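Peer 1: Numbering (this note's numbering), first residue to last: 21 to 359.
Every residue gets a Cβ at the ideal spot worked out from N, C-alpha and C, and that includes glycine.
These numbers were taken from a predicted model, which means no experiment stands behind them.
What follows is a structure written as structure tokens; I'll ask about it next.
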Amino acid sequence: MAAEASGFSAEYEALVGILNSRLSTGPLDIQILPDANFLLASNLVEIVDNTLGVPKAVLAKAFITARRIFFEHLDNLTEDHGLILDSTSVVLLFDPEHITAANARKRVCLAYRSRPQSEQTKRLKDELWLTQFFLTSKLKRHNKSPTLWSHRKWLLKNFHTLDGLLGPKWVEYEIENVILRSAEHHPKNYYAWDYMRWWTRSRPGLVYEWRPPLNVPLAMLMQDWCSHHISDSSGWSFLTSMMKSPESYSIEGQQLQAAVGRKVFDYAVSLNLKNLSLWKFLQEILGCTSMTPVQKVRFEYMKKLGKMTSSEPRGSTLQAFAENSLLDIGAYEDPPDYD
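The following block contains the structure:
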């Protein structure tokens with residue numbers, strides 16, 4: 021009754037309270053439950069094994085309150101920033117594409133620039149945690165939300181220079197615990213991989229001298245990830261773009277391409293893998309190239325293509341791929357003369 025008297029429903033206060041209490045304690049998975057019978061105790065919401073369970077009915081009632089509070093205080097954003105942050109966290113949990121709510125949170129973050137450094141850092145860390153909760157959850161709409169991925173990108177683009185915001189291991193953390201975690205929960209996650217492409221191009225927060233040393237561990241990390249998720253064509257596509265970046269034409273880049281190509285090729289042959297995305301990746305980086313470090317594994321790859329044309333069932337996808345790939349390689353090595 022006290023919650024209702026204050027204008028906040030019990031569902032709203034319970035959800036806001038539990039979200040705020042977890043912002044400084046680390047990752048949290050979120051699940052929307054069909055009804056309250058799935059809760060272990062007689063709570064409105066609860067956390068079990070680092071997973072927040074929210075019954076649909078509770079979330080709906082909390083959203084109704086949150087939406088009202090949000091629009092009542094939107095014009096007083098500077099003074100009522102706490103209410104804005106609380107209400108929009110519930111709004112975005114209910115509707116991850118609520119652009120007005122996401123933009124209001126951006127405005128609050130910008131307003132914090134006039135505050136002491138410690139307050140700015142805490143606000144931005146909390147914002148990064150909240151977006152991580154949503155983006156790495158098993159909730160498909162949140163995991164694949166263009167609005168939420170865009171919001172996280174905006175945060176890093178605009179605040180990466182803030183002292184104390186990004187820890188010494190934040191590069192590895194962002195890739196392994198945000199992007200790849202999201203990609204694992206929902207394969208072929210376009211928005212997660214688009215964010216990954218942006219990150220590897222711009223690498224906010226890293227001085228130029230630190231960028232090249234990251235190329236090798238990043239490529240090896242991606243090669244290992246793709247080998248464990250061989251059916252995820254988006255992962256292979258991203259690894260292809262890494263291998264064919266402008267940096268790949270340096271000696272170090274060619275050696276890296278040869279090393280990755282060798283690992284993937286040997287892995288595919290040893291397990292007799294027939295996944296088309298994997299073989300398309302090998303064709304992209306080994307098929308049509310004159311790079312010297314790649315030639316040994318390239319020759320073995322072409323021999324394997326030759327075997328596949330006869331060993332795979334006639335007309336099958338992989339047999340047709342092998343034939344077409346050899347034709348493409350032949351055209352590359354001996355281009356037709358049109359004169």
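1. Report the residue from THR220, SER134 and GLY27 whose alpha carbon sits nearest the alpha carbon of LEU234.
2. DSSP three-state label for PRO136, please.
3. Excluding the 5 residues preceding and the 5 following LYS76 in the sequence, name in chain order all residues of the same chain whose CB lies nearer than 8 Å to its CB.
4. If you follow the alpha helix (DSSP H) that LEU35 is part of, which residue opens it and which one closes it?
5. I'd like to check one pair, LEU325 with GLU332: are the Cβ atoms closer than 7 Å?
6. Any idea if GLN277 is buried or exposed, counting beta-carbon neighbours within 10 angstroms, 16 or more meaning buried?
7. Let me know if PHE28 comes out buried or exposed under the rule of 16 or more other beta-carbons within 10 Å of its beta-carbon.
8. Buried or exposed: where does ASP252 fall if 16 or more other Cβ atoms within 10 Å of its Cβ makes it buried?
9. Confirm, please, whether the CB-CB distance from VAL110 to LEU35 is below 7 Å.
10. To the nearest angstrom, how far is the alpha carbon of GLU196 from that of ALA122?
11. On the DSSP bridge list, what partners appear for GLY73?
12. Please determine, among ASP100, VAL68, VAL289 and ASP348, the residue with the shortest C-alpha to C-alpha distance to ARG42.
13. Assess contact between the segment 124-131 and the segment 77-89, defined as three or more Cβ pairs (one per stretch) separated by less than 8 Å. Is contact present?
14. Let's see if you can read the secondary structure: which residues bound the alpha helix (DSSP H) around MET262?
15. Between which two residues does the alpha helix (DSSP H) carrying THR181 extend?
16. Would you call SER138 buried or exposed, if buried means 16 or more other Cβ atoms sit within 10 Å of its Cβ?
17. From ASP214 to GLU66, what does the alpha carbon distance come to, in whole angstroms?
18. Where do the N-terminal and C-terminal ends of the alpha helix (DSSP H) with GLY335 fall, by residue?
19. Among LEU182, TRP190, PHE114 and GLU147, which one has its Cα closest to the Cα of ARG161?
20. Please classify THR108: is it buried, with 16 or more other beta-carbons within 10 angstroms of its beta-carbon, or exposed?
21. Using a Cβ-Cβ cut-off of 6 Å (strictly less than) and excluding sequence neighbours within five positions of TRP256, which residues of its own chain qualify?
22. Pick from GLU272, LYS145, PHE258 and LEU259: whose alpha carbon is nearest that of TRP190?
23. Whole angstroms is fine: what's the gap from GLY73's alpha carbon to LEU155's?
24. Could you tell me how far apart the beta carbons of SER165 and PRO116 are, in whole angstroms, since I believe they sit closer than 8 Å?
25. What residue does the alpha helix (DSSP H) around ASP214 start on, and which one ends it?
26. Does the Cβ of SER118 have 16 or more other Cβ atoms within 10 Å, making it buried, or fewer, making it exposed?
27. Grab me the residues of LEU346's own chain with a C-beta within less than 8 Å of its C-beta, minus the 5 sequence neighbours each way, in chain order.
28. Have a look at PHE153, SER157, ASP100 and SER254 and flag the residue whose alpha-carbon is nearest the alpha-carbon of ALA131.
29. Which value, in whole angstroms, describes the spacing of the CA atoms of CYS308 and LEU259?
30. Can the beta-carbon of VAL198 be found closer than 7 Å to that of GLN152?
31. So what does DSSP say about HIS249, is it helix, strand or coil?
Peer 2: To lay it out plainly:
1. THR220
2. coil
3. ILE52, LEU53, PRO54 and ASP55
4. 30-42
5. no
6. buried
7. buried
8. buried
9. yes
10. 25 Å
11. GLN51 and GLU66
12. VAL68
13. no
14. 253-263
15. Unbroken run through THR181: none, as it is neither H nor E.
16. exposed
17. 33 Å
18. Taken as a continuous stretch (DSSP letters only), GLY335 belongs to no alpha helix (DSSP H), as it is neither H nor E.
19. PHE114
20. buried
21. CYS246, SER297 and PHE301
22. LYS145
23. 16 Å
24. 4 Å
25. 210-222
26. According to the sequence as given, residue 118 is His; it is not Ser. Label assigned to HIS118: buried.
27. MET322, LEU325, GLY326 and THR329
28. ASP100
29. 17 Å
30. yes
31. coil
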